[in-house]
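For reference, the structure is listed below as structure tokens.
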Amino acid sequence: MSRRDPLITRAWALLALAAEHRAADVEPLLADLSRKDLGTLAYGVAHLAVHGPAGAPMNPDGIRRLLLTLAAEQQQEGGAPDA
44 MSRRDPLITR
54 AWALLALAAE
64 HRAADVEPLL
74 ADLSRKDLGT
84 LAYGVAHLAV
94 HGPAGAPMNP
104 DGIRRLLLTL
114 AAEQQQEGGA
124 PDA
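Going by our numbering, 56 is the number at position 13 of the sequence shown; the sequence numbering is gapless.
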């Protein structure tokens, strides 16, 4: 997944939901995805959890910081978050 891939935004959102213990919010985030996209997303989440963007495991604060950075970049580009 590239950084601009809509699934990467969802991967970060899933990590944020897990960090905040919000399991009830997961299903709506996945409802419109195809089986193939779900597989790609599952791999992406696992990869981010294990490696993070800089090669190190992520902690909840790091996840939040990256989500805020991604959201700010999308606002500057004139787009809304995909998740």
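We treat Cβ as the ideally placed atom computed from N, Cα and C, and that holds for glycine.
Legend entry - The alpha helix (DSSP H) enclosing A89, as first and last residue numbers: 78-94
Inset, instruction - Kindly indicate the opening and closing residues of the alpha helix (DSSP H) around A62. - result: 49-62
Legend entry - Residue from H94, K79, A56 whose Cα sits closest to the Cα of E70: A56
Legend entry - Which listed residue (A54, P49, L50) has its alpha carbon closest to that of V93: A54
Inset, instruction - May I ask you to report which of helix, strand or coil DSSP gives A74? - result: coil
Legend entry - Burial state of T52 (16 or more Cβ within 10 Å): buried
Legend entry - Buried or exposed by the 16-neighbour rule on C-beta atoms within 10 Å, applied to L9: Not covered by the structure: residue 9. The range shown for the chain is 44 to 126.
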